[in-house]
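Mapping of the sequence shown onto numbering that gives the first Met the number 0: position 263 corresponds to residue 262, and the numbering continues sequentially without gaps. All C-beta atoms, glycine included, are put in the ideal place defined by N, C-alpha and C.
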Amino acid sequence: MNIVQIVKNTINNVSSFSHNILSTMNQQKKIASEQLLAANETNNNMTTLGQTSQEISQQAESVAVAASKVLKLAEEGSKMVDKTFEQMQNLRETVDNISRKNQELDEKNTQIGNISSLANLVSSLAMQTNILALNAAVEAVRAGEQGSGFAVVAKEIRKLADQSSEAAKRINVIVPEIKTAINSTLKVTNEGKKIVNAGVKTAEETANTFQNLTEVVSHLFASNQQIYHNTEQQADAIQKVIESMNNLNYSAGETAQSISQVTTSTQELYEAALKLKKIV
Numbered sequence: 000m001n002i003v004q005i006v007k008n009t010i011n012n013v014s015s016f017s018h019n020i021l022s023t024m025n026q027q028k029k030i031a032s033e034q035l036l037a038a039n040e041t042n043n044n045m046t047t048l049g050q051t052s053q054e055i056s057q058q059a060e061s062v063a064v065a066a067s068k069v070l071k072l073a074e075e076g077s078k079m080v081d082k083t084f085e086q087m088q089n090l091r092e093t094v095d096n097i098s099r100k101n102q103e104l105d106e107k108n109t110q111i112g113n114i115s116s117l118a119n120l121v122s123s124l125a126m127q128t129n130i131l132a133l134n135a136a137v138e139a140v141r142a143g144e145q146g147s148g149f150a151v152v153a154k155e156i157r158k159l160a161d162q163s164s165e166a167a168k169r170i171n172v173i174v175p176e177i178k179t180a181i182n183s184t185l186k187v188t189n190e191g192k193k194i195v196n197a198g199v200k201t202a203e204e205t206a207n208t209f210q211n212l213t214e215v216v217s218h219l220f221a222s223n224q225q226i227y228h229n230t231e232q233q234a235d236a237i238q239k240v241i242e243s244m245n246n247l248n249y250s251a252g253e254t255a256q257s258i259s260q261v262t263t264s265t266q267e268l269y270e271a272a273l274k275l276k277k278i279v
């Protein structure tokens with residue numbers, strides 16, 4: 000085999016190899032382009048996801064701050080309700096004491112009724128005394144000079160009887176008024192006791208409601224704190240993925256550029272081999 004044939008065979012081999020390499024590099028270039036496109040798209044999606052995650056994190060932080068304020072208000076409200084409940088309890092004790100005093104007053108009311116009976120008895124006795132004094136005065140007149148001193152005594156007795164009768168009448172007027180006032184006091188006290196008991200019950204229910212509200216808001220606050228921390232971690236993880244995708248994107252770009260350069264060189268080698276093949 001002469002040198003020309005050897006060169007010709009070599010050129011054919013180079014041409015064939017360069018053609019195969021060129022074909023392979025074109026495929027690799029296509030794959031690299033698709034990878035670069037996919038990397039860019041993934042990077043864009045991850046960036047959008049990162050922004051969304053950051054927004055969620057900010058919203059979670061805002062909700063956590065709001066929940067913290069609500070929790071503080073609920074705790075303050077609970078303290079105020081507890082204080083009101085304590086005051087209502089003290090008021091109920093005071094009303095109970097008043098009620099017991101009124102009960103004693105009600106028992107005295109019966110005794111006041113006895114006073115009225117005694118006043119009637121005094122009035123009756125005064126009337127009888129007045130009649131007796133009148134009869135004594137008549138007898139003193141009949142006795143003449145000897146009965147004059149007795150007449151004076153009889154007059155004083157009549158005067159005292161009249162005063163006793165008037166006092167008994169005033170007592171009979173005052174006693175019903177006192178009994179009416181006592182009954183009104185008892186009625187008002189009983190109504191006040193009912194109102195206070197209802198207020199205590201309402202305050203107790205309100206305190207329980209605030210307690211439940213405080214617990215719910217506390218759980219909500221804890222949950223939002225957890226969400227906030229999770230979204231923060233998620234945002235950090237996404238940011239790291241974005242950085243990795245940027246590095247991958249950069250590497251893919253460099254790979255595509257290298258493949259393009261190799262493809263260009265291989266194309267030139269293939270064209271040179273064809274020219275040599277024609278010459279030989």
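Is the separation between the beta-carbon of residue i and that of residue j shorter than 8 Å?
i: residue 114; j: residue 172; result: no
i: residue 197; j: residue 81; result: no
i: residue 188; j: residue 98; result: yes
i: residue 84; j: residue 190; result: no
i: residue 234; j: residue 86; result: no
i: residue 160; j: residue 135; result: no
i: residue 63; j: residue 251; result: no
i: residue 241; j: residue 47; result: no
i: residue 213; j: residue 65; result: no
i: residue 21; j: residue 265; result: yes
i: residue 179; j: residue 156; result: no
i: residue 227; j: residue 60; result: yes
i: residue 184; j: residue 101; result: yes
i: residue 163; j: residue 121; result: yes
i: residue 18; j: residue 269; result: yes
i: residue 262; j: residue 28; result: yes
Around the Cβ of residue i, are there at least 16 other Cβ atoms within 10 angstroms (buried) or fewer (exposed)?
i: residue 258; result: buried
i: residue 236; result: exposed
i: residue 36; result: exposed
i: residue 30; result: exposed
i: residue 195; result: buried
i: residue 244; result: buried
i: residue 216; result: buried
i: residue 230; result: buried
i: residue 77; result: buried
i: residue 221; result: exposed
i: residue 79; result: exposed
i: residue 223; result: buried
i: residue 15; result: exposed
Would you verify that the beta carbon of residue i is, or is not, closer than 8 Å to some beta carbon of chain C?
i: residue 59; result: The structure shown contains no chain C, having only a single protein chain.
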